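Participant: By this note's numbering, the letter at position 131 of the sequence shown is numbered 262, and the numbering carries on one by one without gaps. Even glycine gets a Cβ: it sits at the ideal position worked out from N, Cα and C. All values derive from a computational prediction rather than experimental measurement. Structure provided below as structure tokens; questions to follow.
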Amino acid sequence: MKVLFAIAWAALIVCFGLTEARGEPSLSAATEECLGCHATIHPGIVESWKKSRHGSVTPGQALQVTGFAKKVSSQAVPENLSNHVVGCAECHTLNPKSHPDTFDHNGYDIHVVVSPRDCTACHAQEAEQYDRNLMAHAYGNLVNNDVYQLLVRAVNETPVFEKGKMGTKPSTPLTEAESCLYCHGTKLSVTGTVTRDTEMGEMTFPVISGWPNQGVGRINLDGSRGSCAACHTRHQFSIEMARKPYTCKECHVGPDVPANKVYEASKHGNIFSSLHKDWNFANVPWTVGKDFTAPTCAACHMSLLVNTEGTLVVKRSHEVKDRLPWRIFGLIYAHAHPREPDTTIIRNKEGLALPTDFSGGSADPFLLDEKERAAARKQMQASCLACHHQSWVDGHWERFVNTIAESNRSILAGTGIMEELWKRGLAAGIRTGGNPFDEYIERVWSDSWLFYANSVRFASAMGGGGDYGVFADGRYQLTRSIRHLQDRLDQSRTAKK
132 MKVLFAIAWA ALIVCFGLTE ARGEPSLSAA TEECLGCHAT IHPGIVESWK KSRHGSVTPG
192 QALQVTGFAK KVSSQAVPEN LSNHVVGCAE CHTLNPKSHP DTFDHNGYDI HVVVSPRDCT
252 ACHAQEAEQY DRNLMAHAYG NLVNNDVYQL LVRAVNETPV FEKGKMGTKP STPLTEAESC
312 LYCHGTKLSV TGTVTRDTEM GEMTFPVISG WPNQGVGRIN LDGSRGSCAA CHTRHQFSIE
372 MARKPYTCKE CHVGPDVPAN KVYEASKHGN IFSSLHKDWN FANVPWTVGK DFTAPTCAAC
432 HMSLLVNTEG TLVVKRSHEV KDRLPWRIFG LIYAHAHPRE PDTTIIRNKE GLALPTDFSG
492 GSADPFLLDE KERAAARKQM QASCLACHHQ SWVDGHWERF VNTIAESNRS ILAGTGIMEE
552 LWKRGLAAGI RTGGNPFDEY IERVWSDSWL FYANSVRFAS AMGGGGDYGV FADGRYQLTR
612 SIRHLQDRLD QSRTAKK
């Protein structure tokens with residue numbers, strides 16, 4: 132084994148010696164040593180990294196880029212990172228004392244989980260913005276909200292039928308990790324070590340609870356939140372991938388967040404599907420009309436866009452909410468976007484950690500006011516106006532705001548009926564200590580706002596209408612659910628007579 136390792140190492144030294152001689156970007160000695168083994172053991176990882184910008188450009192070179200084309204936002208990069216390409220060691224040996232999963236690996240202090248705090252070395256602005264994003268707080272916003280946890284329990288607990296009655300058994304951490312926390316992110320912790328007999332001999336590795344995970348709100352071992360790899364998947368860390376809707380589809384596929392299927396059926400999605408093979412997803416800045424001719428998710432919500440003269444259309448944002456006046460994901464109604472990314476601080480008039488109350492009111496002190504919504508709307512519409520006339524944009528927006536109001540009125544009607552059912556004891560609601568999401572009639576109610584009203588709003592926002600607003604989990608199913616609730620109430624009244 133040692134002979135094979137020595138041969139591989141010698142070959143690598145010769146190979147990269149020739150690379151430097153040709154004037155190509157240099158590797159650090161530590162990364163060269165990593166590649167000496169992992170090029171054989173994990174060729175998928177290494178070959179992916181070779182295709183990345185990290186593998187071909189040094190941070191020092193990236194710092195020389197000026198204007199909108201600049202991709203490194205940190206004012207300076209540590210000297211030990213500046214003159215080598217960003218390889219294995221540059222990420223997996225960074226800040227070792229901050230990572231509880233750091234372990235000795237062939238003489239190097241290596242950690243398994245690379246976090247946004249590590250990425251800050253080169254991408255400080257993006258990491259700072261992302262930490263102010265709802266997505267970075269997705270784990271805590273779900274796990275630390277008692278109301279949301281009632282829904283999680285209703286969905287994830289295993290039904291059992293014993294002694295003629297149905298009950299449930301609590302879900303396991305393994306189930307949680309591949310259901311809600313797949314997207315929201317898990318909380319990582321080191322629980323011990325394991326020794327394995329590898330191709331390179333016996334080695335000891337950390338055991339990490341909650342791993343693997345690349346959820347947007349993952350709680351990392353260094354205490355930071357999120358995973359850049361959720362969108363810029365390792366180890367290519369591609370701008371192109373993050374700009375394509377397939378990446379967002381991973382978590383925004385529906386039916387609760389039907390963004391992708393609505394996009395695919397929209398005119399924008401039609402153009403993307405037909406023409407995207409001719410577009411340039413790599414250019415920075417991204418030029419409207421030249422690099423692409425219809426927006427993707429990233430173009431509307433995050434990307435730096437310029438016009439064909441190089442003039443700024445809209446600045447890059449990893450915070451995301453600066454282009455979102457409304458949160459159309461109903462909880463239980465659509466509402467103004469939260470001011471803070473930590474939504475567990477929100478309290479409605481009933482004292483619940485919800486942005487709205489069951490009677491249709493909103494927790495206004497925690498949500499964007501009219502002036503703040505106007506600023507966010509202006510940012511969002513800047514990208515629209517790069518392709519559309521003002522009259523088109525105004526007409527689209529008028530319909531969108533109308534859809535928010537109408538869908539909220541529909542949910543208000545359905546919730547009013549559900550409140551009456553709870554009062555009559557036909558289901559156990561939250562005010563009586565019950566779970567408002569676990570009984571059949573409560574599922575009919577929650578389907579109305581969690582699936583159907585959301586579909587109607589997403590169809591309006593992203594497509595200007597279409598079948599996802601009507602028969603494909605849209606208004607048809609929404610009104611049917613409310614009729615179902617009313618029928619159940621009518622039956623109870625008839626039974627009393």
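CB-CB under 8 Å to residue 543, same chain, minus the five flanking residues each way: which ones, in chain order?
Facilitator: Reading the sequence shown from its first residue, position 412 is the one you call residue 543. Correct list, in chain order: 464, 490, 491.
Participant: Which residues bound the beta strand (DSSP E) around residue 236?
Facilitator: Here residue 236 is taken as the residue at index 105 of the sequence shown, counted from 1. Residue 236 -> beta strand (DSSP E) spans 234–236.
Participant: Please work out which residues of its chain come closer than 7 Å, Cβ to Cβ, to residue 620, disregarding the five sequence neighbours upstream and downstream, and give them in chain order.
Facilitator: One-based indexing of the sequence shown puts residue 620 at position 489. Closer than 7 Å at the Cβ level, and outside the excluded window around residue 620, lie 548, 551, 552.
Participant: For residue 415, which of 197, 187, 165 has the nearest alpha-carbon?
Facilitator: Mapped onto the sequence shown, residue 415 falls at position 284. Out of 197, 187, 165, 197 has the C-alpha closest to the C-alpha of residue 415.
Participant: Which residues does DSSP list as the beta-bridge partners of residue 248?
Facilitator: One-based indexing of the sequence shown puts residue 248 at position 117. None, per the DSSP bridge assignment.
Participant: Leaving out five residues on either side along the sequence, give the residues of the same chain with a beta carbon under 7 Å from the beta carbon of residue 95.
Facilitator: In this structure the chain extends from 132 to 628, so residue 95 is not present and cannot be described.
Participant: Can you list, in chain order, the residues of its chain whose CB lies under 8 Å from that of residue 191, leaving out five sequence neighbours each side?
Facilitator: Locating residue 191 in the sequence shown gives position 60, counting from the first residue. Taken in chain order, the residues that qualify are 208, 213, 214.
Participant: Is it true that the CB of residue 497 sits closer than 8 Å to the CB of residue 470?
Facilitator: Along the sequence shown, one-based indexing puts residue 470 at 339. Along the sequence shown, one-based indexing puts residue 497 at 366. In contact: residue 470 and residue 497 (Cβ atoms closer than 8 Å).
Participant: Note down, in chain order, each residue of its chain lying with its Cβ closer than 8 Å to the Cβ of residue 488, except the 5 sequence neighbours on either side.
Facilitator: Residue numbering aside, residue 488 sits at position 357 when the sequence shown is read from its first letter. Exclusion of the five residues before and after residue 488 leaves 479, 480, 481, 494 as the residues of its chain whose Cβ lies within less than 8 Å of its Cβ.
Participant: Between which two residues does the alpha helix (DSSP H) holding residue 610 run?
Facilitator: As a position in the sequence shown, residue 610 is number 479, starting the count at 1. 606–627 is the span of the alpha helix (DSSP H), which, as asked, contains residue 610.
Participant: Which residues in the same chain have their Cβ closer than 7 Å to the Cβ of residue 290, if we skip the five residues on either side of it in sequence?
Facilitator: Sequence index remark: in the sequence shown, residue 290 carries index 159 (1-based). Taken in chain order, the residues that qualify are 297, 299.
Participant: Rounded to whole angstroms, how far is the Cβ of residue 287 from the Cβ of residue 306, which I believe are closer than 8 Å?
Facilitator: Sequence index remark: in the sequence shown, residue 287 carries index 156 (1-based). Sequence index remark: in the sequence shown, residue 306 carries index 175 (1-based). Correct: roughly 6 Å between the Cβ atoms.
Participant: Should residue 303 go down as buried or exposed, given a rule of 16 or more other Cβ atoms within 10 Å for buried?
Facilitator: Taking the sequence shown and counting its residues from 1, the one referred to as residue 303 is at position 172. Answer is exposed; the Cβ neighbour count stays below 16.
Participant: Taking Cβ positions, are residue 514 and residue 436 nearer each other than 8 Å?
Facilitator: Here residue 514 refers to the residue found at position 383 of the sequence shown. Here residue 436 refers to the residue found at position 305 of the sequence shown. Yes, Cβ-Cβ distance for residue 514 and residue 436 is below 8 Å.
Participant: Taking residue 272 as the reference, which of 484, 507, 545 has the closest Cα?
Facilitator: Counting from 1 along the sequence shown, the entry for residue 272 is found at position 141. Minimum Cα distance to residue 272 is reached at 484.
Participant: Across which residues does DSSP place residue 493 in a beta bridge pair?
Facilitator: Position 362 of the sequence shown holds residue 493. Looking at the DSSP assignment, residue 493 forms a beta bridge with 487.
Participant: What are the boundary residues of the beta strand (DSSP E) that residue 328 is part of?
Facilitator: Numbered from its first residue, the sequence shown carries residue 328 at position 197. Unbroken beta strand (DSSP E) run through residue 328: 320–329.
Participant: Between residue 406 and residue 425, what straight-line distance do the alpha-carbon atoms span, to the nearest angstrom?
Facilitator: Locating residue 406 in the sequence shown gives position 275, where the first residue counts as 1. Locating residue 425 in the sequence shown gives position 294, where the first residue counts as 1. Going by the C-alpha atoms only, they are around 9 Å apart.
Participant: If you follow the alpha helix (DSSP H) that residue 545 is part of, which residue opens it and which one closes it?
Facilitator: Walking along the sequence shown from the start, residue 545 turns up at place 414. Following the DSSP letters along the chain, one finds residue 545 inside the alpha helix (DSSP H) bounded by residues 521–554.
Participant: According to DSSP, simplified to helix, strand and coil, what is residue 560?
Facilitator: Counted from its first residue, the sequence shown places residue 560 at position 429. The answer is coil: DSSP assigns residue 560 none of H, G, I, E or B.
Participant: Tell me the DSSP secondary structure of residue 349 in three-state form.
Facilitator: Taking the sequence shown and counting its residues from 1, one reaches residue 349 at position 218. Coil.
Participant: Report the rounded CA-to-CA distance for residue 389 versus residue 317, giving the unit in angstroms.
Facilitator: Here residue 389 corresponds to residue number 258 of the sequence shown, with the count starting at 1. Here residue 317 corresponds to residue number 186 of the sequence shown, with the count starting at 1. Taking the straight line joining both Cα atoms gives about 23 Å.
Participant: Could you work out which residue in 587, 159, 614 is closest to residue 601 when comparing CA atoms only?
Facilitator: Residue 601 sits at position 470 when you count from the first residue of the sequence shown. Of the listed residues, the one whose Cα sits closest to residue 601 is 587.
Participant: On the CB-based measure, 16 or more other CB atoms within 10 Å of its CB, does residue 533 come out buried or exposed?
Facilitator: Sequence index remark: in the sequence shown, residue 533 carries index 402 (1-based). So residue 533 counts as exposed.
Participant: Nearest to residue 236 by CA position, among 381, 165, 267, is which residue?
Facilitator: Here residue 236 corresponds to residue number 105 of the sequence shown, with the count starting at 1. Of the listed residues, the one whose Cα sits closest to residue 236 is 165.
Participant: Look up residue 342 in the DSSP assignment and say whether it is helix, strand or coil.
Facilitator: For the purposes of this step, residue 342 is identified with residue 211 of the sequence shown, where counting begins at 1. Residue 342 falls in the coil class under three-state DSSP.
Participant: State the Cα-Cα distance for the pair residue 382 and residue 238, rounded to the nearest angstrom.
Facilitator: Working through the sequence shown from its first residue, we reach residue 382 at position 251. Working through the sequence shown from its first residue, we reach residue 238 at position 107. Approximately 39 Å between the Cα atoms of the pair.
Participant: For residue 204, which of 256, 243, 246 has the nearest alpha-carbon?
Facilitator: Here residue 204 corresponds to residue number 73 of the sequence shown, with the count starting at 1. Nearest option by C-alpha distance: 256.
Participant: What residues match up with residue 333 in a beta bridge as DSSP calls it?
Facilitator: The residue you call residue 333 lines up with position 202 of the sequence shown. Paired residue(s): 328.
Participant: Among 336, 335, 344, 443, which has the Cα closest to the Cα of residue 309?
Facilitator: Residue numbering aside, residue 309 sits at position 178 when the sequence shown is read from its first letter. If we check each option's Cα against that of residue 309, 344 comes out closest.
Participant: Are residue 314 and residue 346 touching if we call contact CB-CB under 8 Å?
Facilitator: Locating residue 314 in the sequence shown gives position 183, where the first residue counts as 1. Locating residue 346 in the sequence shown gives position 215, where the first residue counts as 1. Yes. Within cutoff.
Participant: Which whole-angstrom value is the C-beta distance of residue 449 and residue 261, which I expect to be below 8 Å?
Facilitator: Position 318 of the sequence shown holds residue 449. Position 130 of the sequence shown holds residue 261. Their Cβ separation, rounded to whole angstroms, is 4 Å, which keeps residue 449 and residue 261 in contact under 8 Å.
Participant: Within the same chain, show all residues whose beta-carbon is closer than 6 Å to that of residue 169, passing over the 5 residues directly before and after it, in chain order.
Facilitator: Start at 1 with the first residue of the sequence shown, and residue 169 comes out as number 38. Cβ contact annotation for residue 169 (same chain, cutoff 6 Å, sequence separation greater than five): 177, in chain order.
Participant: Could you pull out every residue in the same chain whose Cβ sits closer than 8 Å to the Cβ of residue 612, ignoring the five residues on either side in sequence?
Facilitator: Your numbering for residue 612 matches position 481 in the sequence shown. Result list for residue 612: 545, 575, 576, 578, 579, 583, in chain order.
Participant: Quick check on residue 169: does DSSP put it in helix, strand or coil?
Facilitator: For the purposes of this step, residue 169 is taken as residue 38 along the sequence shown, with counting starting at 1. The answer is helix: DSSP assigns residue 169 an H, G or I state.
Participant: Considering just the uninterrupted stretch of the alpha helix (DSSP H) at residue 266, what are its terminal residues?
Facilitator: Position 135 of the sequence shown, counted from the first residue, corresponds to residue 266. Looking at the DSSP string, residue 266 is not in any alpha helix (DSSP H), and its letter there is neither H nor E.
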